[in-house]
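Colleague:
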Amino acid sequence: MTGPFSLWFSSNRIRIFNAKFRIVSNLSILDRERFRLVSKQWSQSIDHLARAQQNLSLIGHCERDVEFPFDAESTVDSGTLRIRNDDILQWRYPYIRYQCFSLLLKRFPNLQSIRFESISFWNDHLIEELINCCKQLRSLAFVHCNGIGRSRLFEEKFTNLTLIGWNRLVTAYGNQLHTLILRDCDLTDQQLSIVLDGFRNLSHLDIVNNRLKHGDALKNLPRSIKILKIGSIIQQNRSDGNHDVKFMIPFRSICSGNGRGIEELTLYSFVNKEFVLITSMINLKKLILSDLMEIILDNRSQILYQTVAALQRIKCLEIYQHIPIDRPMISDVKHFDTILKNCENLTEFVLNLDPFDFESIINDQFVQQLVNDCPNLSRLQLGPGSALTTNSSFESISSLNKLTQLKLIEFVGTSQAGIINLVSESRSLRRVEFDDCCQIELDSFSRSMLDLHRANPERFLSINFTSHKGNRSKLSGYHLSYPERNPKILINLDGCCRRDFSIEYLRSQTNQTIGKAILNACNLSSFCELFRKLFIRSSLSLFLLLPSSSSSSVFIKLLKSIIASIFIYSILSIITKMIV
Numbered sequence: 007m008t009g010p011f012s013l014w015f016s017s018n019r020i021r022i023f024n025a026k027f028r029i030v031s032n033l034s035i036l037d038r039e040r041f042r043l044v045s046k047q048w049s050q051s052i053d054h055l056a057r058a059q060q061n062l063s064l065i066g067h068c069e070r071d072v073e074f075p076f077d078a079e080s081t082v083d084s085g086t087l088r089i090r091n092d093d094i095l096q097w098r099y100p101y102i103r104y105q106c107f108s109l110l111l112k113r114f115p116n117l118q119s120i121r122f123e124s125i126s127f128w129n130d131h132l133i134e135e136l137i138n139c140c141k142q143l144r145s146l147a148f149v150h151c152n153g154i155g156r157s158r159l160f161e162e163k164f165t166n167l168t169l170i171g172w173n174r175l176v177t178a179y180g181n182q183l184h185t186l187i188l189r190d191c192d193l194t195d196q197q198l199s200i201v202l203d204g205f206r207n208l209s210h211l212d213i214v215n216n217r218l219k220h221g222d223a224l225k226n227l228p229r230s231i232k233i234l235k236i237g238s239i240i241q242q243n244r245s246d247g248n249h250d251v252k253f254m255i256p257f258r259s260i261c262s263g264n265g266r267g268i269e270e271l272t273l274y275s276f277v278n279k280e281f282v283l284i285t286s287m288i289n290l291k292k293l294i295l296s297d298l299m300e301i302i303l304d305n306r307s308q309i310l311y312q313t314v315a316a317l318q319r320i321k322c323l324e325i326y327q328h329i330p331i332d333r334p335m336i337s338d339v340k341h342f343d344t345i346l347k348n349c350e351n352l353t354e355f356v357l358n359l360d361p362f363d364f365e366s367i368i369n370d371q372f373v374q375q376l377v378n379d380c381p382n383l384s385r386l387q388l389g390p391g392s393a394l395t396t397n398s399s400f401e402s403i404s405s406l407n408k409l410t411q412l413k414l415i416e417f418v419g420t421s422q423a424g425i426i427n428l429v430s431e432s433r434s435l436r437r438v439e440f441d442d443c444c445q446i447e448l449d450s451f452s453r454s455m456l457d458l459h460r461a462n463p464e465r466f467l468s469i470n471f472t473s474h475k476g477n478r479s480k481l482s483g484y485h486l487s488y489p490e491r492n493p494k495i496l497i498n499l500d501g502c503c504r505r506d507f508s509i510e511y512l513r514s515q516t517n518q519t520i521g522k523a524i525l526n527a528c529n530l531s532s533f534c535e536l537f538r539k540l541f542i543r544s545s546l547s548l549f550l551l552l553p554s555s556s557s558s559s560v561f562i563k564l565l566k567s568i569i570a571s572i573f574i575y576s577i578l579s580i581i582t583k584m585i586v
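Using my numbering, you'd call the opening residue of the sequence shown number 7 and step up by one each time.
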């Protein structure tokens, strides 16, 4: 076939290939595999997309006994791993066979970041296949994977990764791996020594919840290390017995070598008086403390406060307590004065202390002192609040000129008027979350938010109301969102339906109440939008059922289906504009 017709034919084939590529790029990995059965052309488009994919997360079907709060998995460089839906592959079994594993990895030859979660029965053969298929890895993560370490449930060699497999990992990825996550994998001290001796370019290391006893190998941390997460997450309902060893974090080993250059440090549970050694980390900018038990039970909490206060360069401080102990982690506001007064460079502060049988220290006085000592905060999370906390706390928070993210937990003494005043006065706020706070009335709150949006339509603001304990809030899962350059308000009630209405429509409904106008607009627009999606999907299904042939009848059918879908879509758009 030569001449202008061949040029037209080749250009159309390119357009069809691009159209198919766009369609499959919006599908999940499992849906893409189903589309391979349609035709050879669809399979080629999916193969092209798989070769370009760089991130993959394989999640097995396994009951998790351990929950990891506020976790941030890492990517290739550093920072948090933002896993998209098209990067996740849900596996229906808690294990994967060698043949399936080999076929899966060969589909994605250019992966740079791979994460395995709740996949057990690892051995040297699977690791060898991983090395052969993924030669460009920069980030490797194993979370809750039995067999990576020395699992007590599977002590046989054929269900555990041996030292030979670890040495193969070091040989293949020792110079190129930047991120290594080995969380809840029964890692032993001997295996940790191999990891730290072999991977010398690591910038992110996560070894939380393992079978470490001493951790002396941490003195051999690589020079490039920037992020370290270590400790044991204690759960009361833990029944497998894998973490009965009381692992005390070896600060002396960490701070004796290259650990002094760490910029982000996360500590769990057992911390003793050696905690003062972290003052030698001159580059430390972010510190996360969770359920520190030993130092609190030994009545040495003052050491904790003085040590954190000595870190004057720290910019982010997060403190959590979720495990009940004999005494609270912070029992008095005066004990916390040393931290707030000395850490003037704080831009992010999180204090989430479950008081259990003790009175919470977070009250109006504490919030006012926090605002006075840390005026440069851009992110703030406090909770649970004391029963004496009032709207004056909101007035203090609204004076923070750089605050963009705010989350308050169980501020039960506040009211709806205080929330409205906080959102109105604080012009820099973009995202606000209220968990188990005061009651909210839909009509009055909607009117106030609409007035606020009319005054400044270019402002982006997202407000979330959630209720986990009882029915303190009438709107569980209430969500208001003001997108930039878009005069629409999105409301999500109880997490079951999404409400969409515009300010222009509300202005035209002068004879109805605000609530009725919202419901009418939601029902009409959602009805028309449903019909649009149905027609688009029907035309798309006709396109998928076409055979992979180059005959003229195929293009005629394709052209007819596209014209019909465009015609129907335009009619529905006109009807929607006339109704709304």
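Every residue, glycine too, gets a C-beta built ideally from N, C-alpha and C.
(1) Assuming F122 and L64 are in contact, meaning their beta carbons sit under 8 Å apart, how far apart are those beta carbons, in whole angstroms?
(2) Considering only the alpha carbon of each residue, which of G424, L175 and L146 lies closest to I403?
(3) Just to confirm my understanding: we take T344, look at its own chain, exclude 5 residues before and 5 after, and list those with CB closer than 7 Å. What are they?
(4) On the premise that G389 lies in contact with I367, defined as a C-beta separation below 8 Å, what is that separation, rounded to the nearest angstrom?
(5) With 16 as the cutoff for other CB atoms within 10 Å, does R38 come out buried or exposed?
(6) Fully enclosed by the region 122 to 173, which alpha helix (DSSP H) runs are 4 residues long or longer?
(7) So N348 and Q318 are supposed to be a Cβ contact under 8 Å. How far apart are they, rounded?
(8) Taking all protein chains shown into account, do 16 or more other C-beta atoms lie within 10 angstroms of the C-beta of N382, making it buried, or fewer, making it exposed?
(9) Is it right to say P463 is buried, meaning 16 or more other beta carbons lie within 10 angstroms of its own, or is it exposed?
(10) L36 lies in the alpha helix (DSSP H); which residues open and close that run?
(11) Go through its chain and collect everything with a Cβ distance to T272's Cβ below 6 Å, but skip five positions before and after it.
(12) If you compare alpha carbons, which of I102, N351, I137 and L414 is closest to N152?
(13) Determine, using beta carbons only, whether D190 and G155 come nearer to each other than 7 Å.
(14) If we call anything under 7 Å between Cβ atoms a contact, is L224 one with S199?
(15) So, helix, strand or coil for K279, using DSSP?
(16) Counting C-beta neighbours from all protein chains within 10 Å, is the total for S286 16 or more, i.e. buried, or is it exposed?
(17) Exposed or buried, which one is E270 when buried takes at least 16 other CB atoms within 10 Å?
(18) I need the straight-line Cα distance from E135 to F107, nearest angstrom please.
(19) Report, in whole angstroms, the separation of the C-beta atoms of I320 and K279, which I expect to be a contact under 8 Å.
(20) For a test of the three-state rule: what should DSSP assign to I403, helix, strand or coil?
(21) Compare the beta carbon distance of Q60 and Q118 with 7 Å and say whether it is the shorter of the two.
(22) Kindly indicate which three-state DSSP category K225 falls into: helix, strand or coil?
(23) Classify H184 as helix, strand or coil using the three-state DSSP reduction.
(24) Please report how far the alpha carbon of I569 lies from the alpha carbon of R57, in whole angstroms.
(25) If you measure between the beta carbons of L227 and C261, is that distance less than 7 Å?
(26) Does the beta-carbon of Q3 have 16 or more other beta-carbons within 10 angstroms, so that it is buried, or is it exposed?
(27) Under 7 Å between the Cβ atoms of D449 and S473?
(28) Reducing DSSP to helix, strand and coil, say where R189 ends up.
(29) Leaving out the 5 sequence neighbours to the left and right, which residues in its chain are closer than 8 Å to C380 when beta-carbon positions are compared?
(30) Write down the C-beta distance between I125 and R174 rounded to the nearest angstrom, noting that I regard them as a contact closer than 8 Å.
(31) What is the DSSP secondary structure of D360, counted as helix, strand or coil?
(32) When we look at the beta-carbon of E447 and count the other beta-carbons within 10 Å, is it buried (16 or more) or exposed?
(33) With the cut-off set at 7 Å, would you say I52 and R42 are in Cβ contact?
(34) How would you label E416, buried or exposed, when you count the other beta carbons within 10 angstroms and need 16 or more for buried?
(35) Just to confirm my understanding: we take N358, look at its own chain, exclude 5 residues before and 5 after, and list those with CB closer than 6 Å. What are they?
(36) In angstroms with no decimal places, state the Cα-to-Cα distance between A461 and N32.
Modeller: Let me lay it out:
(1) 5 Å
(2) The option with the nearest alpha carbon to I403 is G424.
(3) Closer than 7 Å at Cβ, skipping near neighbours: Y311, Q312 and A315.
(4) At roughly 11 Å, the Cβ-Cβ gap does not stay under 8 Å, so I367 and G389 are not in contact.
(5) buried
(6) 130 to 139
(7) 6 Å
(8) exposed
(9) exposed
(10) I35 to F41
(11) Spatial neighbours of T272 in its own chain (CB-CB distance under 6 Å, excluding positions within 5 residues in sequence) are listed in chain order as K235 and I294.
(12) I102
(13) Judged by beta-carbon spacing, G155 lies beyond the 7 Å limit of D190, meaning their Cβ atoms are not closer than that value.
(14) no
(15) Under the three-state reduction of DSSP output, K279 falls in the helix class.
(16) exposed
(17) buried
(18) 8 Å
(19) Between K279 and I320 the Cβ distance is about 20 Å, and since that is not below 8 Å, they are no contact.
(20) Helix, per DSSP.
(21) yes
(22) helix
(23) coil
(24) Spanning the two alpha carbons is a distance of roughly 33 Å.
(25) no
(26) With the chain running from 7 to 586 in the structure shown, residue 3 is simply not present.
(27) Result no, Cβ atoms of D449 and S473 do not sit closer than 7 Å.
(28) strand
(29) L346, C349, E350, L352 and F355
(30) The pair is not a contact, with the Cβ atoms about 18 Å apart (cut-off 8 Å).
(31) coil
(32) E447 should be labelled exposed.
(33) yes
(34) buried
(35) Y326 and G389
(36) Cα-Cα distance, rounded: 37 Å.
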